[in-house]
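**Student:**
In the working numbering, the protein residues as written are 60 to 148.
Written out as structure tokens, the structure reads:
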């Protein structure tokens with residue numbers, strides 16, 4: 060995914076690693092569903108058979124949008140820290 064995620068920034072050589080500071084792959088799913096640093100913003104991952112309906116309804120669910128905003132804000136802060144560290148080394 061695009062956005063403030065280590066996996067994306069790594070693809071374009073803005074970061075040396077695609078991993079979150081917790082050690083896992085830093086993509087959008089990681090921050091929304093499993094990162095310990097965004098636990099307060101986690102959403103419940105839908106079952107495969109419900110994914111289409113879940114995604115279709117996601118953006119109309121204000122609570123889900125608020126949680127995603129929080130998770131992505133945390134991801135952006137992590138990426139800012141990682142890029143600053145890289146620039147200073």
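A virtual CB, placed ideally from N, CA and C, is assigned to each residue, including glycine.
Keep in mind that this is a model prediction, so the values were computed, not measured.
1. Pick helix, strand or coil for residue 74, following the three-state DSSP scheme.
2. Could you check where the alpha helix (DSSP H) with residue 137 kicks off and where it finishes?
3. Give the straight-line distance between the Cα atoms of residue 103 and residue 113, rounded to the nearest whole angstrom.
4. Which value, in whole angstroms, describes the spacing of the CA atoms of residue 122 and residue 71?
5. Is the distance from the Cβ of residue 90 to the Cβ of residue 133 below 8 Å?
**Tutor:** Considering the structure as presented:
1. coil
2. 121–147
3. 10 Å
4. 32 Å
5. yes
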